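Residue numbers (my numbering), protein chains in the order written: chain A, 1 to 416; chain B, 417 to 832; chain C, 833 to 1248; chain D, 1249 to 1664. As structure tokens, the structure follows; a few thoughts come after it.
Number of protein chains: 4
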Amino acid sequence: MADLFWPGDERAGQAFDPGSFLGVMVDVESAWLHALQRAGLAPAGAYDLQALLGGGDLARIATSAEASGNPVVALVSLLRERLRARDEEAARWLHRGLTSQDVLDTALVLSARATARLVLLELDRQVESLTDLAERHRADLMAGRTLTQHAVPITFGLKAAQWLQGVLDARDDLRALRFPIQAGGAAGTLAALTELGGDVEAALSVAAAAAEELQLEDATPWHTNRAVVTRYADALVRANDAWGHVANDVLLLARPEIAELAEPAVEGRGGSSTMPQKANPVLSVLIRRAALTAPMQAAQLHLAAAANVDERPDGGWHTEWSALASLSRHTLTAASQTSELLTGLHVDTGRMAAVVKQQASALLAEHRSLASLSRDLSRDLPHDGGDADFDPGHYLGATASLIDRILARARSQEKP
Amino acid sequence: MADLFWPGDERAGQAFDPGSFLGVMVDVESAWLHALQRAGLAPAGAYDLQALLGGGDLARIATSAEASGNPVVALVSLLRERLRARDEEAARWLHRGLTSQDVLDTALVLSARATARLVLLELDRQVESLTDLAERHRADLMAGRTLTQHAVPITFGLKAAQWLQGVLDARDDLRALRFPIQAGGAAGTLAALTELGGDVEAALSVAAAAAEELQLEDATPWHTNRAVVTRYADALVRANDAWGHVANDVLLLARPEIAELAEPAVEGRGGSSTMPQKANPVLSVLIRRAALTAPMQAAQLHLAAAANVDERPDGGWHTEWSALASLSRHTLTAASQTSELLTGLHVDTGRMAAVVKQQASALLAEHRSLASLSRDLSRDLPHDGGDADFDPGHYLGATASLIDRILARARSQEKP
Amino acid sequence: MADLFWPGDERAGQAFDPGSFLGVMVDVESAWLHALQRAGLAPAGAYDLQALLGGGDLARIATSAEASGNPVVALVSLLRERLRARDEEAARWLHRGLTSQDVLDTALVLSARATARLVLLELDRQVESLTDLAERHRADLMAGRTLTQHAVPITFGLKAAQWLQGVLDARDDLRALRFPIQAGGAAGTLAALTELGGDVEAALSVAAAAAEELQLEDATPWHTNRAVVTRYADALVRANDAWGHVANDVLLLARPEIAELAEPAVEGRGGSSTMPQKANPVLSVLIRRAALTAPMQAAQLHLAAAANVDERPDGGWHTEWSALASLSRHTLTAASQTSELLTGLHVDTGRMAAVVKQQASALLAEHRSLASLSRDLSRDLPHDGGDADFDPGHYLGATASLIDRILARARSQEKP
Amino acid sequence: MADLFWPGDERAGQAFDPGSFLGVMVDVESAWLHALQRAGLAPAGAYDLQALLGGGDLARIATSAEASGNPVVALVSLLRERLRARDEEAARWLHRGLTSQDVLDTALVLSARATARLVLLELDRQVESLTDLAERHRADLMAGRTLTQHAVPITFGLKAAQWLQGVLDARDDLRALRFPIQAGGAAGTLAALTELGGDVEAALSVAAAAAEELQLEDATPWHTNRAVVTRYADALVRANDAWGHVANDVLLLARPEIAELAEPAVEGRGGSSTMPQKANPVLSVLIRRAALTAPMQAAQLHLAAAANVDERPDGGWHTEWSALASLSRHTLTAASQTSELLTGLHVDTGRMAAVVKQQASALLAEHRSLASLSRDLSRDLPHDGGDADFDPGHYLGATASLIDRILARARSQEKP
């Protein structure tokens, strides 16, 4: 079960937490029992399955998970045993028609959706902060750097707009995700459910009803087709890519020798255990940590997808849990840390301007070479590169237009 | 340059191959020069830049690529030198306004698009073959296997339909890819181009004209936002995931002890250097090879994306080339191998039926347990599981409906 | 702290567990305080630092870990505060001379060593089981399979000996691991400790004394040189590679169509939530899970190593924790599962022999081709391949000698 | 064959290159034929197998490699056909007793050894350069940086010594590598060779003789135990980790705002296609590129190792080639680039000292806090932190001793 330690599960103390991953699995069994009831199969009656579980059950289920290879067998037998005390027939109907993977996959989808929604809220906050930064600093000059060296002038607004592009790309992918139920039974044929329901239509309608209660898409079984999982992972990685980009820039530009940016100062954060003066850029360090690990977690999930065989596979599926939980946990943390970083980012435009001034000669070398080209071509350029007093602020090219285009994209994608 | 060895480059013998990656970079310089001409900047005149290159140039450029960190500097200086002999002014205008990364990235996009188109053609062929297999074998019984053991009966049509699902998922993602030009100049501001063109509008229109000639999307610069690259990679991986699933099933079911499937027999393929009788399932082995390597290549590209810093980065970008080229090469090979595998797949329905017959007791264990449940519930099920002669073919649940749903999806996505 | 959830930490319930990772960090602080005392710096006196912590502290420290980027700052401030009540001067000396990374790295080394020792015990058990299997089945014929097809005969003893080779390779690497203390202070110069101790020799001797108490190697600081970590990870991966090989073979050979091997049967293991007859090969599935994930965890640690910069890095270090903890946890589980699998492995030699008999023609095709070669060469071979009654057991080549060589290697490496 | 494009193969132009990977495979067949001759099996006679191949053969073999899944089948049939013209009986004996994997694996080992030797030469050069840098700059003050911020003073000699540690760690692992022959025949039993040789001893002695000619270790077959491959890969990655560390530091410290280090200036290197003034740190960028990609290549090889099944596997093996070739190629390049970088590294000690002076207050914050501790403890420290004129050069702790320890390690490992 350590593999299925999902974001939020840290909160769980002694008592059973219905919001934990174990709780989400119970939600799935519950929705399924309701669907069997609505179809007139299981006996009517209201049971709060969540209430059947208590604090010590997580450990009990975790232990038997090792024996059956997944936690569902133990969960079902425990729920069934306790439900029996209330209603023997209902207990018999619990989980009927499902296989372990149906429950676990559907619970993963529900958890993934919850994570994706939280990440989307953070992305929306970030779009707002970045829009603001791009607008506010659209004309604030800074040195453009490429391959670590000074290149030509840019504005900090352009840098913020480029960060924004990455965030918008990630948001597009997260918004496009789809969250289907998994319900196929032993080998994806719904055979048991069909048998129990009397005919195929009844079986399909039970699955549809369970999907509806859980607000998931109804779908054909996808036990061995993991695009649902890998698209979610790819989208989270794309978000981490975008945040990693931001964090790298902040880590660099907040170095004392550059000092153009600084993380928001918060009492107690970034302290050192030995050096009282230090304010470590902890947000960026941890965001970068997530960005460095997310790609491998997604690769793990693709490997699991590619290892499929049979009607349900022998190990590929099991490798997903740890990667999914840890990718989700790191992403959620990085999402809120990036929001906080961007909201409170300290921008020292004076320092940026001073660097441009001091490095004007290097930053205008390209401009001078164009001037010399123009002389060769006997053709006038708008600015004379030979002029030692030429203002780097006049060599910004299409910066303003490019910022506008990106801001327009951000605006066009706002939700009403 | 070994890192930029792209699909098709093997064909290149002694002579310079305009279809090689080097040739594609020349196409980019060429389209850019045309755009400068159309804008009235560079002098009119038709130059075939491809014709300026010869067989030995690849090696020459490769050598200097090590010095400048990329092959563009050497390519431009070589093209400029040779063009000078024909038209000195045109030679001066070559590449003006671009940075190396503009050329290399745009060439990567063009190569990626060419690869994606070829892969899509193969996916279309596969959809056709799989539709055919799913329809033809919709009722051909076989053992459903889960976690390596016999579970409940399925049909081979359902397995083919599940393979089809994976292929459709991959096709959706490949169809959704977008291919933009990269044109930003030194630090993504189009400063040099603006200077040369006289104003921002002129600069933006040169970039737009070049995009149009190359049939790429016009776009704001994305030097440090690599969703273009990672989405392409993720889509290729998704295709490899789907094919790996097929290959794993074929490798298993073509084992002599199972022998339900066989690869198409082709004279000379799968031979052993020592055992004359062997017919190794070479297509599946190589498809599986691609599926096992693709996830890591995509992870490499995400890592590159997450390592972005400055206006153009110091190593992240450079790690993309090898991963992109090798992922594209392996995917193209696997795409055509999967098409060939599916088109000629030998399905032994007799053998499948025999296994079901022989393993009927195991395959109907779930059914028997339902019958016992129904007795407990004093409720009749359509079939009496206690019957020793019960036909596994009656325990297929919603198999036919599920196949129909997947086939309907395939049909709804056909291009007119 | 979820990233630092180490093997065994699951056991921790409500109360503080001195064996948890948090407890190991306290051991480090404790050994350091003792060393300061022995050097005459900190005041003499016995304090049980472990006793200062209670059940709720883990959560408290975990929360502030997010603020400072690591859990040490919070741990030290909590310990110092509580120690102050007993001995104000001792409290002031706690942690003096160390940086957070010193404590965390040393705790990781201690946890890694504990894990490595447990894994080595399991490897020793496996060497014993495999030696026994190789000896017992040295002459038990089975089909050799290559690229999924029947090749030539082998014995099961040879297969067991090959498994043994992999386990011996892994054991060599685990035995060679070295476990040094990390003690360098803020930037690896031991400046604070030197200042406090009065001279360099005193400082070095404090570090040496702490290493001695913890039974670790004394070492120069390795904040930015992570061979200690990556060698540990590589060795664990090598063990997982060996076990994955075993698990793949068992998963295949335990398929009902082959049925030459079976996992040890244990009441309640491998049950299905819906199919009563099934005995899923759960041990092998979970071993394979670990083998599929370990390589990526090690890659993560190498990436962290390669991302080093400055005297202590900005994110690389932080990516290690989750990968190390999860790799260690999975490896420990897989280690004991493999031992259990091998100890109780059911080998059906009758079934193996039957397959060889039935497939004799295919398994002797190479032999026949040699016979035909010998006729071409007019040279007698010991066996006449044309003989239809030729016994596959006579075509085993050097099988017995090869088994002996591997067994001899196993014996030569036994600890006295 | 693009997957088997090995370092040095770029050199191959039109003519067949005996040093190419194809040439190495021919060496293996040649050594084997000699061993068969020495055993009195194949007829005596000297044949230069390399001379049988010409320029077009690489392409021919590459094409058929796709059909048989590896290039050996085609190579052997081509060699046999051409040898037949000279000596029909020798042609029949060619490759007898080997399987394709024997040839390919042994050729990989030979190529790996050649690569490892070249890398070791570079590591030796680096040890020399770093020893020199550590000694020369042992007392040259610079700012110690942790988590991007200024921490306490160090010397550049200490930084160089830390780089040296990483290089020494890598060298240890590379020196410990072992390079065995692969010779097992179809399923690792040496059955064909035993049959041809008349008895087991003869067979084993042929394998031993071939190993001797190739100067490889004699070994039991390791078709499914890939520690040979993964240890080589892990060692290369460890070297890249060490170099990546160096490159990251150089990339940072060569930034114009810091400018404490600079890459050796070489005419034509690091030029920009548009900015004449720029000197991009191309060596470090490309070294970093290798360090960012090596971990994933090694993970690929471990995955291949973990995917073993049967006596020779169905895809795992095939995934090795591309990863091994590309890892070797990148590592060789990075090795020589790092040597060049270290040999010519420009160290600006004046600039380092100036930063220390300017940032003295921050760099001595820890020192001041110790002084305040000492006042609390009523205990004298050697230096009074309250002194505003305190020299950061007096707060170096054990720096000199630590440098000496590392230098001593380097010296103790010198080859005589």
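Just so you know, even glycine gets a beta-carbon here, dropped at the ideal spot from N, CA and C. All values reported here derive from a predicted model rather than from experimental measurement.
Nearest neighbour of residue i, chosen from the options [CA to CA]
i               : options                               : result
residue 1175(C) : 1078(C), 1032(C) and 1199(C)          : 1078(C)
residue 509(B)  : 647(B), 627(B), 451(B) and 469(B)     : 451(B)
residue 1251(D) : 1293(D), 1575(D) and 1418(D)          : 1575(D)
residue 1149(C) : 1395(D), 1319(D), 1267(D) and 1355(D) : 1395(D)
residue 559(B)  : 809(B), 752(B) and 596(B)             : 809(B)
residue 695(B)  : 685(B), 701(B), 523(B) and 704(B)     : 685(B)
residue 1232(C) : 946(C), 994(C) and 1119(C)            : 994(C)
residue 1578(D) : 1299(D), 1609(D), 1467(D) and 1535(D) : 1535(D)
residue 524(B)  : 602(B), 820(B), 542(B) and 648(B)     : 648(B)
residue 660(B)  : 623(B), 674(B) and 710(B)             : 710(B)
residue 462(B)  : 503(B), 608(B) and 636(B)             : 503(B)
residue 871(C)  : 1238(C), 1035(C), 1203(C) and 1051(C) : 1035(C)
residue 571(B)  : 553(B), 587(B) and 588(B)             : 553(B)
residue 417(A)  : 185(A), 369(A), 303(A) and 170(A)     : Because chain A spans 1 through 416 in this model, residue 417(A) falls outside it and cannot be assessed.
residue 1094(C) : 1058(C), 959(C), 1173(C) and 957(C)   : 1173(C)
residue 395(A)  : 615(B), 529(B) and 785(B)             : 615(B)
residue 145(A)  : 89(A), 374(A), 264(A) and 258(A)      : 258(A)
residue 1467(D) : 1237(C), 1200(C) and 1244(C)          : 1237(C)
For residue j and residue i, believed in contact at Cβ under 8 Å, the rounded distance
i               : j               : result
residue 1557(D) : residue 1080(C) : 4 Å
residue 256(A)  : residue 1397(D) : 6 Å
residue 1298(D) : residue 1266(D) : 5 Å
residue 865(C)  : residue 874(C)  : 6 Å
residue 1019(C) : residue 934(C)  : About 11 Å; that fails the 8 Å criterion.
residue 189(A)  : residue 535(B)  : That belief does not hold up - the Cβ atoms of residue 189(A) and residue 535(B) are roughly 31 Å apart, past 8 Å.
residue 292(A)  : residue 1147(C) : 6 Å
One or two residues paired with residue i in a DSSP bridge
i               : result
residue 1394(D) : 1144(C) and 1397(D)
residue 1465(D) : 1428(D)
residue 477(B)  : Bridge partners of residue 477(B): none, in fact.
residue 986(C)  : 974(C)
residue 347(A)  : 261(A)
Neighbourhood of residue i by C-beta, 6 Å cutoff - its chain only, sequence neighbours within 5 removed
i              : result
residue 676(B) : 669, 764, 767 and 768
residue 323(A) : 297, 300 and 301
residue 428(B) : Because residue 428(B) sits at a pLDDT of 43, beneath the cut-off of 50, its placement in the model cannot be relied upon, and the following sentence gives the value as read from the coordinates. Counting only Cβ-Cβ distances below 6 Å, and skipping sequence neighbours, we find 436.
residue 496(B) : 507 and 510
residue 99(A)  : 185 and 186
Cβ shell of residue i (< 7 Å), same chain only, five flanking positions each side left out
i              : result
residue 409(A) : 168
residue 360(A) : 392
Close beta carbons around residue i, own chain, < 8 Å, minus the five adjacent residues each side
i               : result
residue 630(B)  : 443, 444, 447, 522, 526 and 597
residue 1499(D) : 1529, 1532, 1533 and 1536
residue 1049(C) : 1010, 1011, 1012, 1013 and 1043
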